[in-house]
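Please read the structure below before turning to the comments.
In the numbering used here, the protein residues as written are 11 to 96.
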């Protein structure tokens, strides 16, 4: 599991768009929200949007990222080497 995690992290670094939408954009969005002094009913805007951004990151990596990875694994025949079915 450790080796698989390291390999997947290396592959993620090679995908600049996935890295941007999954890590850099949510951090920048929270930073901008944190700098604004807006609040809704006394609750800071960053406190309201934090769970939304966490869900966004999960959706970006889960819904958009995993099918692309599985398709690329199938194309490169990694799934056959792992003795799994597509």
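Just so you know, even glycine gets a beta-carbon here, dropped at the ideal spot from N, CA and C.
Please read all numbers here as calculations on a predicted model, not as lab measurements.
How many Å lie between residue i and residue j at the Cα?
i: residue 35; j: residue 85; result: 29 Å
i: residue 8; j: residue 30; result: With the chain represented from 11 up to 96, any question about residue 8 goes unanswered, as that position is not in the structure.
i: residue 62; j: residue 50; result: 15 Å
i: residue 79; j: residue 26; result: 14 Å
i: residue 18; j: residue 11; result: 10 Å
i: residue 46; j: residue 72; result: 30 Å
i: residue 89; j: residue 66; result: 28 Å
Hey, would you say residue i sits closer than 9 Å to residue j, going by beta carbons?
i: residue 56; j: residue 40; result: yes
i: residue 28; j: residue 68; result: no
i: residue 21; j: residue 32; result: no
i: residue 37; j: residue 59; result: no
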